[in-house]
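Q: Take this structure first; my questions come after.
Given below as structure tokens:
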């Protein structure tokens, strides 16, 4: 796994965020205030920050959540070696082009079985990529392989999506979806919150197994704990909708030891312009 | 013809012109009394409580045509073949075209004793007779007693439940006045009918008015499954379900009444599917339950220009149990109207109801659910739930729970919810690559499935799925 992300040659850039500004739709509440970030293939970026800094909002904006409105800036996603404007895409098109959001609070969908849901999603992506769709039997086998790969129980298949799942099961189910859809850019929104030690290990192992040199992971987290399991290439600190500091994994340890306050003070006193993910470190 | 003749006037002409048939005196009396009551009262209007949301103006313009004696012969070969394919190979099929019983298509293969092509019996567990034969043959007394028992049971309905204005009973009286087609089903005591009994009604596509009367006697400790399906001509031509409303001149109208008497400890599963697309359907189910009887009904009202179903369960024996579930889907300017009434007359009885509606466009649905718990009906448990999904801001549901409880030691609950599609669920599906329309269909399907899956009937499910897939598209 490479540690340097700054070199321009021979590195595919998956996500480029420039000067992103966003607010809550139908309100004046500005949440993202000029965010810059570049994520290359093969990298894991952690975005950390205190509560209310805009971490979850940023992840939802990338997935196309209608609750937020982008007021300025650009977000580009690499699709077949071309940079495409992510913000113009419908949520379903973002997913088909490889964006995956693992939810902080996965949604329960009564009456829709996990298998039916996963097959519908998988086949949409197949269709988009011009691949053959799978029939229920074929997909069942495929799903069982994925479950085995992740060390998860087959009981996940028949249950209704997230209904009566424990907190840990819901998060594991997100990772199962990630395994099935094999995204280009996986955004994990506080996937570690509320997880017991065992679930955290299953989830982290799952993510690590799914990492390749062609995809990238954006790990949104409040705590350093998950970063012991999923080692990040870059760590960014988000505060009031801007990245105020970026660094390598040692930044996460620094935060664990001294908290966010020291970083925020340092940022405020220096009154620096917001740091961008690709320039500092 | 210079002026339009009203629906009732045009029925009157038919009544006069009907060929004289040898009918027993009681039947002649019953039918002429019913006709007098109907024609005196006239059709109900939206001023009458039970028709407040359902205008019958569409009926006014109908020129009445009855199906010819053998409507079956008017089906194209393709439609006839399609109809044969549609029948349940594992069921006892009783087929009606434009309301008339088609003996040629009915039966259940070699397992059935066919007595002269008119009667069926299956392992002695069930005996079935053509109503038009029964009315005039040796079974006339049985028919008369069933009709009287239902009438007596209905006469005991409390005032808040009974249809108070005479006009509100007009359609029921018309049904009796023109009663001829239908079947009498007698399920033998202590017998479990091994195959489902399918009352399959199809339309040839011609504009006709049909009256159907089915009578069911569930013998003591018997068990049976009966499904009543009313299918539009679209099902026969194999074409997709049409969405547009046909011209008034081509409207089909069907009045259908199914009356059921359940002897002690009998169990009946009764599913009723209406997909009479673009037509007018007025259906009624009346059931009386003796001690320990269990009646489980599923009413699927999917797509009609006007589709009404009045279901009345009268519980006369302790330990009896009633489940009434329903699903309504409507689109365009369709009006689908479900009125349920459950009368708990004796102690220790239970009832539960789950009615769901999914409404599109400018459609409208009514769910009026009445529960009556009499003073003597202590220890009654009654639950009623109605849930509606509105897919358009112009669609409308009129949900009207009405509980009248006179006993003091009862457990009764009711609830009604009206909602749009859950946006969090929609976004979750879309964020996995599923496009909006498909995500909507998946969520609607899941909402509906909670009701129809309870039928646990593969044959019925395929009809329902086919109809719903057209609706959710």
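Chains as they are written, first to last, in the working numbering: chain E, 1 to 281; chain H, 1001 to 1473.
Every residue, glycine too, gets a C-beta built ideally from N, C-alpha and C.
All values reported here derive from a predicted model rather than from experimental measurement.
Taking Cβ-Cβ distances shorter than 9 Å, what residues in chain H pair up with residue 124(E)?
A: In the first chain, the residue the question calls residue 124(E) occupies position 124. Per Cβ cutoff of 9 Å: 1432, 1433, 1434, 1435 and 1438.
Q: Below 8 Å, can you find three or more Cβ-Cβ pairs linking the stretch 1155–1174 of chain H to the stretch 1135–1143 of chain H?
A: no
Q: Cβ of residue 1447(H) less than 8 Å from any chain E Cβ?
A: Taking the first residue of the second chain as 1, we reach residue 1447(H) at position 447. Closer than 8 Å: yes.
Q: Would you report the Cα separation of residue 1134(H) and residue 1259(H), rounded to the nearest angstrom?
A: Taking the first residue of the second chain as position 1, residue 1134(H) is located at position 134. Taking the first residue of the second chain as position 1, residue 1259(H) is located at position 259. Answer to the nearest angstrom: the Cα atoms are 15 Å apart.
Q: Check the Cβ-Cβ distances between residue 1129(H) and every residue of chain E, and say whether any is below 8 Å.
A: Locating residue 1129(H) in the second chain gives position 129, counting from the first residue. Cβ-Cβ to chain E under 8 Å: no for residue 1129(H).
Q: Which runs of the alpha helix (DSSP H) spanning at least 4 residues fall entirely within the stretch 39–98 of chain E, listed in chain order?
A: Here the runs fully enclosed are 55–63 and 91–96.
Q: For the alpha helix (DSSP H) containing residue 1014(H), list its first residue and its last residue.
A: For the purposes of this step, residue 1014(H) is taken as the residue at position 14 of the second chain. That run of the alpha helix (DSSP H) goes 1007–1017.
Q: Where in the stretch 1321–1406 of chain H do unbroken runs of the alpha helix (DSSP H), each at least 4 residues long, occur, reported from the N-terminal end onward?
A: none
Q: Residue 1301(H) lies in the beta strand (DSSP E); which residues open and close that run?
A: Translated into the one-based positions of the second chain, residue 1301(H) becomes position 301. Here the beta strand (DSSP E) through residue 1301(H) covers 1294–1302.
Q: State the Cα-Cα distance for the pair residue 34(E) and residue 71(E), rounded to the nearest angstrom.
A: Within the first chain, numbered from 1, the residue matching residue 34(E) stands at position 34. Within the first chain, numbered from 1, the residue matching residue 71(E) stands at position 71. Computed Cα separation, rounded: 10 Å.
Q: Could you check which residue in 191(E), 59(E), 178(E) and 172(E) has the C-alpha nearest to that of residue 152(E)?
A: Walking along the first chain from the start, residue 152(E) turns up at place 152. Ranking the options by Cα distance to residue 152(E), first place goes to 172(E).
Q: For residue 1425(H), go through chain E and note every residue whose CB falls closer than 7 Å to its CB, in chain order.
A: In the second chain, the residue the question calls residue 1425(H) occupies position 425. Contact note: residue 1425(H) reaches chain E through 107 and 109, using a C-beta cutoff of 7 Å and chain order.
Q: Helix, strand or coil, according to DSSP, for residue 1412(H) in the structure here?
A: Position 412 of the second chain, counted from the start, is the residue given in the question as residue 1412(H). Note: residue 1412(H) maps to strand in three-state DSSP.
Q: Given 8 Å as the limit, is there contact between the stretch 111–128 of chain E and the stretch 86–103 of chain E, that is, 3 or more CB pairs closer than that?
A: A contact exists between the stretch 111–128 of chain E and the stretch 86–103 of chain E.
Q: Who does residue 1313(H) pair with in a DSSP beta bridge?
A: As a first step, residue 1313(H) is located in the second chain; it is residue number 313 there, counting from the start. The partner list for residue 1313(H) (beta bridge, DSSP) reads 1287(H) and 1342(H).
Q: Closest by CA to residue 1470(H), which one among 1320(H), 1399(H), 1354(H) and 1275(H)?
A: In the second chain, residue 1470(H) corresponds to position 470, counting from 1. Among 1320(H), 1399(H), 1354(H) and 1275(H), the Cα nearest to that of residue 1470(H) is on 1275(H).
Q: Could one say the Cβ of residue 229(E) lies closer than 8 Å to chain H's Cβ atoms, at least one of them?
A: As a working note, residue 229(E) is residue 229 in the first chain. Chain H, which has no Cβ nearer than 8 Å to the Cβ of residue 229(E), makes this no.
Q: Using only the alpha-carbon positions, how far apart do residue 1280(H) and residue 1430(H) sit?
A: By 1-based counting over the second chain, the position of residue 1280(H) is 280. By 1-based counting over the second chain, the position of residue 1430(H) is 430. Approximately 38 Å, taken between the alpha carbons.
Q: Which of the residues in the stretch 66–83 of chain E, read from start to end, lie with their CB under 8 Å from any CB of chain H?
A: 66
Q: Closest Cβ-Cβ distance between residue 1002(H) and chain E: below 8 Å?
A: As a working mapping, residue 1002(H) is identified with position 2 in the second chain. For residue 1002(H), the predicted structure reports a pLDDT of 33, less than 50, and the residue's modelled location is therefore unreliable. The matter cannot be settled from this model.
Q: Just the Cα atoms here: how many angstroms apart are residue 1370(H) and residue 15(E)?
A: Within the second chain, numbered from 1, the residue matching residue 1370(H) stands at position 370. Within the first chain, numbered from 1, the residue matching residue 15(E) stands at position 15. Roughly 60 Å between the two C-alpha positions.
Q: Does the beta carbon of residue 1450(H) sit closer than 8 Å to a beta carbon anywhere in chain E?
A: The residue you call residue 1450(H) lines up with position 450 of the second chain. So yes, residue 1450(H) belongs to the interface.
Q: Rounded to the nearest angstrom, what separates residue 1238(H) and residue 1231(H) at their Cα positions?
A: Residue mapping note: residue 1238(H) aligns to position 238 of the second chain, counting from 1. Residue mapping note: residue 1231(H) aligns to position 231 of the second chain, counting from 1. Low per-residue confidence applies at residue 1238(H): pLDDT is 48, beneath 50, and the placement is therefore not dependable, though the value from the model is reported in the following sentence. C-alpha separation (whole angstroms): 12 Å.
Q: Please confirm if residue 1314(H) has its CB atom under 8 Å from at least one CB of chain E.
A: By one-based count along the second chain, residue 1314(H) stands at place 314. No, no contact with chain E.
Q: What number of angstroms, rounded off, separates the C-alpha of residue 1046(H) from the C-alpha of residue 1102(H)?
A: Taking the second chain and counting its residues from 1, the one referred to as residue 1046(H) is at position 46. Taking the second chain and counting its residues from 1, the one referred to as residue 1102(H) is at position 102. Distance from the CA of residue 1046(H) to the CA of residue 1102(H), rounded to the nearest whole angstrom, comes to 37 Å.
Q: If we ignore side chains and look at the alpha-carbon of each, how far apart do residue 1082(H) and residue 1204(H) end up?
A: Within the second chain, numbered from 1, the residue matching residue 1082(H) stands at position 82. Within the second chain, numbered from 1, the residue matching residue 1204(H) stands at position 204. One C-alpha to the other measures close to 12 Å.
Q: Which class does residue 1442(H) belong to by DSSP, given the choice of helix, strand or coil?
A: To locate residue 1442(H), count along the second chain from 1; it is residue 442. Three-state result, residue 1442(H): helix.
Q: On the three-state DSSP scale, how would you describe residue 1060(H)?
A: Here residue 1060(H) refers to the residue found at position 60 of the second chain. Helix, per DSSP.
Q: Start and end of the beta strand (DSSP E) containing residue 224(E)?
A: Stepping through the first chain from its first residue, residue 224(E) is reached at position 224. Run containing residue 224(E): none; DSSP gives neither H nor E here.
Q: Considering only their Cβ atoms, is the gap separating residue 1272(H) from residue 1299(H) smaller than 8 Å?
A: Stepping through the second chain from its first residue, residue 1299(H) is reached at position 299. Stepping through the second chain from its first residue, residue 1272(H) is reached at position 272. Contact flag set, yes.
Q: Here's the rule: buried if 16 or more other CB atoms are within 10 angstroms of the residue's CB, otherwise exposed. What is residue 175(E)?
A: The count along the first chain starts at 1 and reaches residue 175(E) at position 175. So residue 175(E) ends up on the buried side.
Q: Straight-line CA distance for residue 118(E) to residue 177(E)?
A: Taking the first residue of the first chain as 1, we reach residue 118(E) at position 118. Taking the first residue of the first chain as 1, we reach residue 177(E) at position 177. Near 7 Å, if we compare the C-alpha coordinates of residue 177(E) and residue 118(E).
Q: Can you tell me the Cα-Cα spacing of residue 1376(H) and residue 25(E), whole angstroms?
A: Stepping through the second chain from its first residue, residue 1376(H) is reached at position 376. Stepping through the first chain from its first residue, residue 25(E) is reached at position 25. Approximately 58 Å between the Cα atoms of the pair.
Q: Could you check whether the Cβ of residue 163(E) sits closer than 8 Å to any Cβ belonging to chain H?
A: For the purposes of this step, residue 163(E) is taken as the residue at position 163 of the first chain. Not closer than 8 Å to any Cβ of chain H, the Cβ of residue 163(E) fails to qualify, so no.
Q: Report the neighbours of residue 129(E) on chain H: residues whose CB is nearer than 9 Å to its CB, in chain order.
A: What you label residue 129(E) is simply residue 129 of the first chain in a count that begins at 1. Residues of chain H passing the Cβ test: none, with the nearest at roughly 11 Å.
Q: Tell me the DSSP secondary structure of residue 1086(H) in three-state form.
A: Mapped onto the second chain, residue 1086(H) falls at position 86. Helix at residue 1086(H).
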